[in-house]
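**Student:**
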Amino acid sequence: MKLTIHVTLKPGVLDPQGKAIEHALSGLGFSGVHGARVGKLIELDVDEGTSDADVEAMCRKLLANTVIENYRIARA
Amino acid sequence: MKTAVVVFPGSNCDRDIAVALEQVTGTKPVMVWHRDATLPDDVSLVAIPGGFSYGDYLRSGAIAARSPIMRDVVDRAGKGLPVLGICNGFQVLTEAGLLPGALMRNAGLDFVCRDVALTVGETRSIFTTGYSAGETVRVPVAHHDGNYVADPETLDRIEGEGQVAFRYAERVNGSARDIAGLVNTAGNVLGMMPHPERRIEAAHGGDDGRRLFEGLLRAVA
Numbered sequence: 024m025k026l027t028i029h030v031t032l033k034p035g036v037l038d039p040q041g042k043a044i045e046h047a048l049s050g051l052g053f054s055g056v057h058g059a060r061v062g063k064l065i066e067l068d069v070d071e072g073t074s075d076a077d078v079e080a081m082c083r084k085l086l087a088n089t090v091i092e093n094y095r096i097a098r099a
Numbered sequence: 002m003k004t005a006v007v008v009f010p011g012s013n014c015d016r017d018i019a020v021a022l023e024q025v026t027g028t029k030p031v032m033v034w035h036r037d038a039t040l041p042d043d044v045s046l047v048a049i050p051g052g053f054s055y056g057d058y059l060r061s062g063a064i065a066a067r068s069p070i071m072r073d074v075v076d077r078a079g080k081g082l083p084v085l086g087i088c089n090g091f092q093v094l095t096e097a098g099l100l101p102g103a104l105m106r107n108a109g110l111d112f113v114c115r116d117v118a119l120t121v122g123e124t125r126s127i128f129t130t131g132y133s134a135g136e137t138v139r140v141p142v143a144h145h146d147g148n149y150v151a152d153p154e155t156l157d158r159i160e161g162e163g164q165v166a167f168r169y170a171e172r173v174n175g176s177a178r179d180i181a182g183l184v185n186t187a188g189n190v191l192g193m194m195p196h197p198e199r200r201i202e203a204a205h206g207g208d209d210g211r212r213l214f215e216g217l218l219r220a221v222a
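Here it is in structure tokens:
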């Protein structure tokens with residue numbers, strides 16, 4: 024079973040990489056860009072029937088640092 | 002005083018901290034591999050060294066914080082064992098939940114590698130007895146992810162509880178409230194981005210770092 028985990032910075036957490044991307048885009052002449060945030064996409068291949076609780080635990084215990092990041096689980 | 006240094010794949014300041022600890026304590030530290038299940042029973046201090054454990058994969062310190070030895074480090078820290086995390090070691094301690102907050106990419110995106118001025122916090126912990134409160138010291142930094150982040154309530158609490166051990170006295174990496182190092186509420190765990198082990202003798206340009214270890218020895222031994 025394939026899962027996709029989206030890990031994103033919490034709102035309000037400053038993202039220097041996103042800022043750099045935003046500036047680089049405007050440097051390329053894309054004037055309409057008002058923000059960029061960088062996150063991670065993690066693809067997991069897990070046993071069929073892996074419980075939602077287990078996947079949640081994987082996210083909380085390792086895949087995301089919930090001090091600064093949110094996560095979203097999508098089943099492919 | 003017997004000490005231990007935890008070594009992860011990608012640690013690169015493990016030998017520097019071992020030299021500093023041996024010089025100050027007179028005893029070679031026990032080097033503990035990340036796959037070991039337990040620390041030696043009789044150690045009075047465990048150091049988590051700088052470096053790039055697991056190549057900084059996922060997040061700096063994230064994988065190291067979940068390695069077998071860290072379960073015992075967390076357990077023993079809870080029982081009062083002094084734990085000193087430097088640079089990547091600080092990142093590991095936050096990822097392991099021993100210290101609040103997180104260390105993110107430097108605000109300027111640059112890897113910062115230079116001597117910086119630090120102000121010693123008001124905190125009177127075992128780690129700062131070698132300094133006077135409010136004193137300015139010079140210690141090198143070398144990191145890419147040293148930008149300390151925590152929510153405003155946590156920052157207020159850390160400051161209110163007097164957990165800030167060191168602050169940057171100049172702009173370095175964008176850290177919230179210039180936090181360069183902090184202790185846990187019990188005061189037995191210190192995480193700091195600057196490298197005191199790289200400033201222990203005249204050949205290093207000074208011994209401001211050595212005083213941390215000397216103070217620690219006096220406080221713990």
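Sequences listed follow chains P and L, in order.
Going by our numbering, the first sequence opens with residue 24, and the numbers climb by one from there.
Going by our numbering, the second sequence opens with residue 2, and the numbers climb by one from there.
The C-beta atom is built at its ideal place from N, Cα and C for all residues, glycine as well.
Note that the structure is predicted; figures quoted are calculated from it, not measured.
Using beta-carbon positions only, say whether A66/L and V93/L come within less than 7 angstroms of one another.
**Tutor:** Sequence index remark: in the second sequence, residue 66/L carries index 65 (1-based). Sequence index remark: in the second sequence, residue 93/L carries index 92 (1-based). A contact, by the Cβ cut-off of 7 angstroms.
**Student:** If I follow the unbroken beta strand (DSSP E) through N148/L, where does it start and stop?
**Tutor:** Counted from its first residue, the second sequence places residue 148/L at position 147. Taken as a continuous stretch (DSSP letters only), the beta strand (DSSP E) holding N148/L covers N148 to V150.
**Student:** Do you know whose CA, among I70/L, L59/L and L213/L, lies nearest T129/L's CA?
**Tutor:** Reading the second sequence from its first residue, position 128 is the one you call residue 129/L. Among I70/L, L59/L and L213/L, the Cα nearest to that of T129/L is on L213/L.
**Student:** What does the alpha-carbon distance come out to for the pair E23/L and P34/P?
**Tutor:** Translated into the one-based positions of the second sequence, residue 23/L becomes position 22. Translated into the one-based positions of the first sequence, residue 34/P becomes position 11. C-alpha separation (whole angstroms): 45 angstroms.
**Student:** If I'm right that I101/P touches V61/P with Cβ under 8 angstroms, what's the distance once you round it to whole angstroms?
**Tutor:** The displayed coordinates of chain P run from 24 to 99. Any statement about residue 101/P would go beyond what the structure contains.
**Student:** How about G52/L and S12/L: are their beta carbons less than 7 angstroms apart?
**Tutor:** If you number the second sequence from 1, residue 52/L lands on position 51. If you number the second sequence from 1, residue 12/L lands on position 11. Cβ distance < 7 angstroms, so G52/L and S12/L count as in contact.
**Student:** Let me know if R72/L comes out buried or exposed under the rule of 16 or more other beta-carbons within 10 Å of its beta-carbon.
**Tutor:** Within the second sequence, the letter at position 71 stands for residue 72/L. Answer is exposed; the Cβ neighbour count stays below 16.
**Student:** Between M194/L and H145/L, is the Cβ-Cβ spacing less than 7 angstroms?
**Tutor:** Here the question's residue 194/L lines up with position 193 in the second sequence. Here the question's residue 145/L lines up with position 144 in the second sequence. Cβ atoms of M194/L and H145/L: not closer than 7 angstroms.
**Student:** Any idea if M24/P is buried or exposed, counting beta-carbon neighbours within 10 angstroms, 16 or more meaning buried?
**Tutor:** The residue given as residue 24/P occupies position 1 in the first sequence. Exposed, since its Cβ has fewer than 16 Cβ neighbours within 10 Å.
**Student:** In the structure shown, what three-state DSSP assignment does L191/L receive?
**Tutor:** Within the second sequence, residue 191/L is the residue found at index 190, counting from 1. In this structure, L191/L counts as strand in the three-state DSSP scheme.
**Student:** My guess is that I49/L and G90/L are in contact by the Cβ rule of under 8 angstroms, so how many angstroms apart are they, rounded?
**Tutor:** Along the second sequence, read from residue 1 onward, the residue named residue 49/L stands at position 48. Along the second sequence, read from residue 1 onward, the residue named residue 90/L stands at position 89. At roughly 3 angstroms, the Cβ-Cβ gap stays under 8 angstroms, so I49/L and G90/L are in contact.
**Student:** Select from the region 126-139 of chain L all residues with a C-beta closer than 7 angstroms to any C-beta belonging to chain P, and list them in chain order.
**Tutor:** Listed by position, the residues of the region 126-139 of chain L near chain P (Cβ gap below 7 angstroms) amount to none.
**Student:** Take A21/L and list the residues in its own chain whose beta-carbon comes closer than 6 angstroms to its own, dropping the five residues that flank it on each side.
**Tutor:** Working through the second sequence from its first residue, we reach residue 21/L at position 20. Within the same chain, A21/L has close Cβ partners E198, I201 and F214.
**Student:** Can you say whether D77/P is buried or exposed, counting buried as having 16 or more other CB atoms within 10 angstroms of its CB?
**Tutor:** As a first step, residue 77/P is located in the first sequence; it is residue number 54 there, counting from the start. The residue is exposed, with fewer than 16 neighbouring Cβ atoms inside 10 Å.
**Student:** Quick check: the region 177-184 of chain L against the region 104-113 of chain L, are at least 3 beta-carbon pairs closer than 8 angstroms?
**Tutor:** Short answer: they don't touch.
**Student:** From T89/P to V221/L, what distance separates their C-alpha atoms?
**Tutor:** Here residue 89/P is taken as the residue at index 66 of the first sequence, counted from 1. Here residue 221/L is taken as the residue at index 220 of the second sequence, counted from 1. Cα-Cα distance, rounded: 34 angstroms.
**Student:** Measuring only the C-alpha atoms, how far is G72/P from D157/L?
**Tutor:** Taking the first sequence and counting its residues from 1, one reaches residue 72/P at position 49. Taking the second sequence and counting its residues from 1, one reaches residue 157/L at position 156. Each residue's Cα considered, the two are about 44 angstroms apart.
**Student:** Who pairs with M105/L in a beta bridge, going by DSSP?
**Tutor:** Your numbering for residue 105/L matches position 104 in the second sequence. M105/L pairs with N148/L.
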